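Asks: For what it's worth, the UniProt record's numbering labels the leading residue of the sequence shown as 1, then goes sequentially. C-beta: ideal position from N, C-alpha, C; glycine also. Only a predicted model underlies this, so the values are computations on that prediction, with no experimental measurement involved. Please find one structure pasted underneath; my questions will follow.
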Amino acid sequence: MAEIVSNLPLEANLVPIPKNKRGKSRKALKPKDSTSNEANILAGKISSSPQSDLLDVSGKENQDALSLTSKRNKRGSKIVKESKNSFENELEEIQKKLEQMRIEKEKTEELLKDRDEMLKMKEEELENRGKEQEKLQMELKKLQKAKEFKPTMSFPLVQSLREKEEDKKGKKKKQEKLKKPCAAYVLWCKDQWNEVKKENPDAEFKEISNILGTKWKNLSDEEKKPYEQKYQEDKEAYLQIVGKEKRENEAMSLLEEDQKQKVAMELLDQYLQFKQEADEAIKKKAKKEKDPSKPKQSLSAYFLYMKERRVALVEENQNVTEIAKITGEEWKNMSEKQRKPYEEIAKKQKEEYTKEMELYKQKKEDEAAARQQEEGELMKIQKQEAMQLLKKKEKTDNIIKKTKEKRQLNKKQKQVNVDPNKPKRPASSFLLFSKEMRKNLLLEKPDINSSTLTALISVKWKELDENEKEIWNTKAANAMNAYKKELQEYNNATEEVVEINE
Numbered sequence: 001m002a003e004i005v006s007n008l009p010l011e012a013n014l015v016p017i018p019k020n021k022r023g024k025s026r027k028a029l030k031p032k033d034s035t036s037n038e039a040n041i042l043a044g045k046i047s048s049s050p051q052s053d054l055l056d057v058s059g060k061e062n063q064d065a066l067s068l069t070s071k072r073n074k075r076g077s078k079i080v081k082e083s084k085n086s087f088e089n090e091l092e093e094i095q096k097k098l099e100q101m102r103i104e105k106e107k108t109e110e111l112l113k114d115r116d117e118m119l120k121m122k123e124e125e126l127e128n129r130g131k132e133q134e135k136l137q138m139e140l141k142k143l144q145k146a147k148e149f150k151p152t153m154s155f156p157l158v159q160s161l162r163e164k165e166e167d168k169k170g171k172k173k174k175q176e177k178l179k180k181p182c183a184a185y186v187l188w189c190k191d192q193w194n195e196v197k198k199e200n201p202d203a204e205f206k207e208i209s210n211i212l213g214t215k216w217k218n219l220s221d222e223e224k225k226p227y228e229q230k231y232q233e234d235k236e237a238y239l240q241i242v243g244k245e246k247r248e249n250e251a252m253s254l255l256e257e258d259q260k261q262k263v264a265m266e267l268l269d270q271y272l273q274f275k276q277e278a279d280e281a282i283k284k285k286a287k288k289e290k291d292p293s294k295p296k297q298s299l300s301a302y303f304l305y306m307k308e309r310r311v312a313l314v315e316e317n318q319n320v321t322e323i324a325k326i327t328g329e330e331w332k333n334m335s336e337k338q339r340k341p342y343e344e345i346a347k348k349q350k351e352e353y354t355k356e357m358e359l360y361k362q363k364k365e366d367e368a369a370a371r372q373q374e375e376g377e378l379m380k381i382q383k384q385e386a387m388q389l390l391k392k393k394e395k396t397d398n399i400i401k402k403t404k405e406k407r408q409l410n411k412k413q414k415q416v417n418v419d420p421n422k423p424k425r426p427a428s429s430f431l432l433f434s435k436e437m438r439k440n441l442l443l444e445k446p447d448i449n450s451s452t453l454t455a456l457i458s459v460k461w462k463e464l465d466e467n468e469k470e471i472w473n474t475k476a477a478n479a480m481n482a483y484k485k486e487l488q489e490y491n492n493a494t495e496e497v498v499e500i501n502e
């Protein structure tokens, strides 16, 4: 018993302590109070059930260890779940990125394809341009080789003489400009201006002109007659000078056009002759292009034999010159019987060639005749079109001439029939407004341009209200009524004069 009791504390110390996986040290156990068994052991007294106490202690320790492991397992499962969720999220993000990359890749591939097509098109264009440039260079070289066109003719000096005359006239015009004759009323105003100005020294230009107008209306026909005669004399002299210059200019322009046409025709003839000579020179130097439809010339008997022997000699690795030498020697040494089959074949081929050549020549002649016929028909059509155009031009010229003559006659009739005493038509509402506004704007802006001034007036007229426009409309209406009354009085007076004369 004493031995067993001595071994008991050692067995208690050998109870297995579970180690923490994370490296955390386990808390130290509280020191146990000295039990009754230990006291008895120390005193030499042994309890009746020592093994049951040991089992209780070890069971408690095992339970504590199991609870710790279960807690750790729970924590591990939570961590695994969280890691799984994060991994799934990352996978989804990666898949989305991969899809985006795939779409971008498809787009880039399409862009690259389009670019490749564009590059191919550009390369083809560059090749075509290169070919065209080569052709142009060849043509330039041909032209450079050909002779230069040097016309042999004397150009007319009409144009240069006319230019000199115009320069002289221009200098004279600067010195003395030909003025149009003044009307009878203007001549009378020049004489009466100073007298009216002395009578009315404070009057403005407009007022003086109104006074002169009223005086002119009141003048008799005998008083107006000397001024009208002077005007007619000046006008006739002016028209003679202007008409003479106009006729001279027309004659010179006609002569100039005639000489230009002659020069152009001579130049054209010389150029066509030069071009024909140059083309003939180029044709001599240049090689004739072969016609693919033209039949090939038939071979002779010797060439037929040579063609037959060439295959065997080429297999023997013979040279072209050697083949020609060998076949020539063999042909010389051949008898008439040996040559006869080749000569017969050559004869048949020549007959076929002559038949094909006759057909080819006939075809070419037919094509040439058809081309000439087409060209003749085209020329007829072109001539007909040219004649139609010429007729149209002549008609238009006649119409223009007649209209000009009618206008000139109407102008002359108006000038003759216009009576200075006849009342003038009054201005419209817009013209009255523009006259008033023009004065104000010129006072405000004296350096303003005429075009900008008219534009400003039109803008301001558009900006006016209906009430403001009505003022000007009433003014225009009053003026129109007064004009109608004056016109009626004038018409009555003219009718009375006509009746008296009758």
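Quick check for students: name the residue ranges of the alpha helix (DSSP H) that lie wholly in the UniProt DNA-binding region "HMG box" (295-361), counting only runs of 4 or more.
Replies: 301-315, 320-333, all fully within the UniProt DNA-binding region "HMG box" (295-361).
Asks: Inspect the beta-carbon positions of A476 and S429 and report whether they are closer than 9 Å.
Replies: Contact: yes.
Asks: Can you look up residue 531 in the DSSP assignment and give me helix, strand or coil?
Replies: Since the first residue of the chain shown is 1 and the last is 502, residue 531 is not available in this structure.
Asks: Would K244 and A184 be called neighbours here (beta carbons separated by less than 9 Å)?
Replies: No, the Cβ-Cβ distance between K244 and A184 is not below 9 Å.
Asks: Which two residues bound the contiguous alpha helix (DSSP H) that contains I448?
Replies: Counting along the chain, I448 falls outside any alpha helix (DSSP H), and DSSP gives it neither H nor E.
Asks: Among residues of its own chain, excluding the 5 on either side of Y342, which ones have a beta-carbon nearer than 6 Å to its beta-carbon?
Replies: Closer than 6 Å at the Cβ level, and outside the excluded window around Y342, lie A301, L304, Y305.
Asks: Quick one: what's got a C-beta closer than 6 Å to Q133's C-beta in the same chain, skipping five residues either side?
Replies: Excluding positions up to five away in sequence, the list is empty.
Asks: Compute the beta-carbon to beta-carbon distance between M480 and P426, rounded to the nearest angstrom, for a pair I have assumed lies under 8 Å.
Replies: With 8 Å as the limit, M480 and P426 qualify as a contact, their Cβ atoms being about 6 Å apart.
Asks: Run through DSSP, which three-state label would L219 get?
Replies: Note: L219 maps to coil in three-state DSSP.
Asks: Hey, quick one: how far does the alpha helix (DSSP H) through L425 stretch, first residue to last?
Replies: For the record, residue 425 in the displayed sequence is Arg; it is not Leu. Here R425 belongs to no alpha helix (DSSP H), and DSSP marks it neither H nor E.
Asks: Do the segment 324-342 and the segment 361-374 make contact, defined as three or more Cβ pairs closer than 8 Å?
Replies: Output reads no: the segment 361-374 does not touch the segment 324-342.
Asks: May I ask you to report which of helix, strand or coil DSSP gives E489?
Replies: Three-state result, E489: helix.
Asks: For the 8 Å Cβ check, are there 3 or more pairs between the segment 450-461 and the segment 430-439?
Replies: Counting Cβ pairs under 8 Å, three or more are found: they touch.
Asks: Anyone know if the C-beta pair for Q298 and A346 falls short of 9 Å?
Replies: The question names Gln, but residue 298 is Ser in the sequence shown. It is a contact, given that the beta carbons lie within the stated cut-off.
Asks: Please report the straight-line C-alpha distance between I103 and N128, rounded to a whole angstrom.
Replies: Rounded to the nearest angstrom, the two C-alpha atoms are 38 Å apart.
Asks: What is the rounded straight-line gap between the Cα of S77 and the Cα of K84?
Replies: Distance between the alpha carbons of S77 and K84: 10 Å.
Asks: For a quick check, are the C-beta atoms of L441 and L456 less than 9 Å apart?
Replies: A contact, by the Cβ cut-off of 9 Å.
Asks: Can you tell me whether DSSP reads L464 as helix, strand or coil?
Replies: L464 falls in the coil class under three-state DSSP.
Asks: Any idea if T214 is buried or exposed, counting beta-carbon neighbours within 10 angstroms, 16 or more meaning buried?
Replies: The residue in question, T214, is exposed, as its Cβ has fewer than 16 Cβ neighbours within 10 Å.
Asks: Got a sec? Which residues, its chain only, sit under 7 Å from L453 by beta carbon, not counting five neighbours each side?
Replies: Around L453: R438, L441.
Asks: Please state the DSSP three-state secondary structure of N89.
Replies: Three-state result, N89: helix.
Asks: Can the beta-carbon of W188 be found closer than 9 Å to that of I208?
Replies: No, they are not a contact pair.
Asks: Helix, strand or coil for residue 507 per DSSP?
Replies: Since the first and last residues shown for the chain are 1 and 502, residue 507 lies out of range.
Asks: Could you compute how far the alpha carbon of L91 sits from the alpha carbon of E82?
Replies: Rounded to whole angstroms, L91 to E82 spans 14 Å at the Cα level.
Asks: Can you tell me whether T327 is buried or exposed? The criterion is at least 16 other CB atoms within 10 Å of its CB, across all chains shown.
Replies: Burial call: buried.
Asks: CA-CA distance, L219 and K190?
Replies: Rounded to the nearest angstrom, the two C-alpha atoms are 16 Å apart.
Asks: Where does A368 fall in DSSP's three states?
Replies: A368 falls in the helix class under three-state DSSP.
Asks: Go ahead and pull the three-state DSSP assignment for K179.
Replies: Here K179 sits in coil by DSSP.
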